Amino acid sequence: DKEHLTVCFEKVTFGYLPSETVLQDISFAIPAGETWAVVGPTGAGKTSVVNLVLRLYDPWQGRVFLDGVDLRRADPLDLAAKVALVPQEVFIKSGTIKHNITLGRERVTEENLDMALSVTGAGEFVNRLEKGLHTKVGSGGQGLSAGQRQLIALARALAGDPGLLVLDEATSAVDPVSEKQIQRALPKVMQGRTSLVVAHRLSTVRRADNILVMKKGRICEQGTHAELLKKNGVYAGLVRH
Ligand code: DUT
Ligand code: MG
460 DKEHLTVCFE KVTFGYLPSE TVLQDISFAI PAGETWAVVG PTGAGKTSVV
510 NLVLRLYDPW QGRVFLDGVD LRRADPLDLA AKVALVPQEV FIKSGTIKHN
560 ITLGRERVTE ENLDMALSVT GAGEFVNRLE KGLHTKVGSG GQGLSAGQRQ
610 LIALARALAG DPGLLVLDEA TSAVDPVSEK QIQRALPKVM QGRTSLVVAH
660 RLSTVRRADN ILVMKKGRIC EQGTHAELLK KNGVYAGLVR H
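Start counting the sequence shown at 460; every next residue gets the next number (the UniProt record's numbering).
Okay, here's the thing in structure tokens:
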């Protein structure tokens, strides 16, 4: 049941190369249904946390649990059905917009597709296109703005109706119209699911139930926006920047 998805890191240490530790002793537990943000400077290890949640890699030490199940023991197909990622670099396949959202997945019913288009607001720009959902786009996303690509990626993630949504927000500037649309959509997109967001948008960070502040592969602070501002530490420095 998607209402009950929890994410838990237990003393996780990880790196890509044996000589370089990227995550050091990371522990946190996201209760079901909450939205947590991860912030920190470039290279801090934010995307690496995301990579472990999706089980693209296994930790060197410690464990990652989804819904109480150690990811090493989880069924990959089950995982793929429960967890959706909006990656930092959105990929677009050559084909129609519809195919780019459904990716041919069986669980993406017409109903889920409509839901995803309306909740994300992607439907608004798609409907303005002469061929709508049947508009063809190039593999590099030719014909779409960076913001529109992001909206498609959001709709794609949502169309599988995931219990856990992982968002690695793009740092690259999206056009202001799409940016506004994404800002408006995100709370609705996350409602009723657990979300982990590598956040650059202040609106996302402010609203998070908890913020993990990362620095050099460690969690150096955590708390709500208000708590962290009060603390006047690393987070307060990032926000003022
Ligand atoms: N790293 C690798 N191989 C990879 C990905 C990352 O060696 O495939 C290194 C680069 C960096 C560290 O891991 O020293 C953490 O990278 P990560 O991508 O997790 O950092 P980030 O916090 O997501 O940075 P950004 O804000 O630039 O996305
Ligand atoms: Mg990253």
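No residue lacks a Cβ here, since even glycine has one placed at the ideal position from N, Cα and C. Keep in mind it's a predicted model, so treat the numbers as computed, not measured.
CA-to-CA distance, residue j to residue i, given in whole angstroms
{"i": "residue 481", "j": "residue 588", "result": "44 angstroms"}
{"i": "residue 596", "j": "residue 469", "result": "42 angstroms"}
{"i": "residue 476", "j": "residue 571", "result": "40 angstroms"}
{"i": "residue 407", "j": "residue 660", "result": "Since the first and last residues shown for the chain are 460 and 700, residue 407 lies out of range."}
{"i": "residue 679", "j": "residue 497", "result": "11 angstroms"}
{"i": "residue 702", "j": "residue 509", "result": "Not covered by the structure: residue 702. The range shown for the chain is 460 to 700."}
{"i": "residue 584", "j": "residue 499", "result": "32 angstroms"}
{"i": "residue 625", "j": "residue 467", "result": "14 angstroms"}
{"i": "residue 528", "j": "residue 640", "result": "35 angstroms"}
{"i": "residue 487", "j": "residue 698", "result": "22 angstroms"}
{"i": "residue 682", "j": "residue 593", "result": "44 angstroms"}
{"i": "residue 506", "j": "residue 676", "result": "11 angstroms"}
{"i": "residue 471", "j": "residue 479", "result": "14 angstroms"}
{"i": "residue 565", "j": "residue 558", "result": "12 angstroms"}
{"i": "residue 460", "j": "residue 525", "result": "Note that residue 460 has pLDDT 45, beneath the 50 cutoff, so the model's placement of it is unreliable and no number is given."}
{"i": "residue 574", "j": "residue 581", "result": "10 angstroms"}
{"i": "residue 520", "j": "residue 590", "result": "51 angstroms"}
{"i": "residue 485", "j": "residue 563", "result": "36 angstroms"}
{"i": "residue 622", "j": "residue 489", "result": "13 angstroms"}
{"i": "residue 684", "j": "residue 518", "result": "29 angstroms"}
{"i": "residue 696", "j": "residue 652", "result": "30 angstroms"}
{"i": "residue 612", "j": "residue 534", "result": "24 angstroms"}
{"i": "residue 586", "j": "residue 664", "result": "30 angstroms"}
{"i": "residue 577", "j": "residue 644", "result": "9 angstroms"}
{"i": "residue 637", "j": "residue 687", "result": "29 angstroms"}
{"i": "residue 610", "j": "residue 567", "result": "17 angstroms"}
{"i": "residue 569", "j": "residue 474", "result": "41 angstroms"}
{"i": "residue 656", "j": "residue 483", "result": "20 angstroms"}
{"i": "residue 633", "j": "residue 556", "result": "19 angstroms"}
{"i": "residue 440", "j": "residue 603", "result": "Nothing about residue 440 can be reported from this structure: the residues present for the chain run from 460 to 700 only."}
{"i": "residue 700", "j": "residue 532", "result": "42 angstroms"}
Residue i at chain C interface by Cβ criterion, 7 angstroms
{"i": "residue 659", "result": "This model lacks chain C altogether; it includes just one protein chain."}
Cβ-Cβ distance between residue i and residue j below 7 angstroms
{"i": "residue 648", "j": "residue 617", "result": "yes"}
{"i": "residue 513", "j": "residue 544", "result": "yes"}
{"i": "residue 628", "j": "residue 658", "result": "yes"}
{"i": "residue 540", "j": "residue 579", "result": "no"}
{"i": "residue 774", "j": "residue 668", "result": "Lying before the first or after the last residue shown, residue 774 is absent from the chain, which here runs from 460 to 700."}
{"i": "residue 538", "j": "residue 523", "result": "no"}
{"i": "residue 503", "j": "residue 690", "result": "no"}
{"i": "residue 608", "j": "residue 549", "result": "yes"}
The beta strand (DSSP E) enclosing residue i, as first and last residue numbers
{"i": "residue 665", "result": "Where residue 665 is concerned, there is no enclosing beta strand (DSSP E), although the alpha helix (DSSP H) it sits in stretches over 661-666."}
{"i": "residue 543", "result": "542-545"}
{"i": "residue 669", "result": "669-674"}
{"i": "residue 612", "result": "First-last for residue 612: 605-618, but that is the alpha helix (DSSP H), not the beta strand (DSSP E)."}
{"i": "residue 677", "result": "677-682"}
{"i": "residue 655", "result": "653-657"}
{"i": "residue 637", "result": "Note, residue 637: premise wrong, no beta strand (DSSP E); alpha helix (DSSP H) at 635-649."}
{"i": "residue 496", "result": "494-498"}
{"i": "residue 466", "result": "466-473"}
{"i": "residue 488", "result": "482-489"}
{"i": "residue 521", "result": "520-525"}
{"i": "residue 623", "result": "623-627"}
Nearest-angstrom beta carbon gap, residue j and residue i [assumed within contact, 8 angstroms]
{"i": "residue 530", "j": "residue 491", "result": "Not really, about 17 angstroms apart at Cβ, beyond 8 angstroms."}
{"i": "residue 598", "j": "residue 553", "result": "4 angstroms"}
{"i": "residue 600", "j": "residue 551", "result": "4 angstroms"}
{"i": "residue 666", "j": "residue 635", "result": "The Cβ separation is near 20 angstroms, so there is no contact."}
For residue i, the first and last residue of its enclosing alpha helix (DSSP H)
{"i": "residue 573", "result": "569-579"}
{"i": "residue 533", "result": "It is not in any alpha helix (DSSP H) - residue 533 carries neither H nor E in the DSSP assignment."}
{"i": "residue 566", "result": "Counting along the chain, residue 566 falls outside any alpha helix (DSSP H), and DSSP gives it neither H nor E."}
Beta carbon nearer than 7 angstroms to a non-hydrogen atom of the ligand MG: 505, 506, 547, 627 and 657
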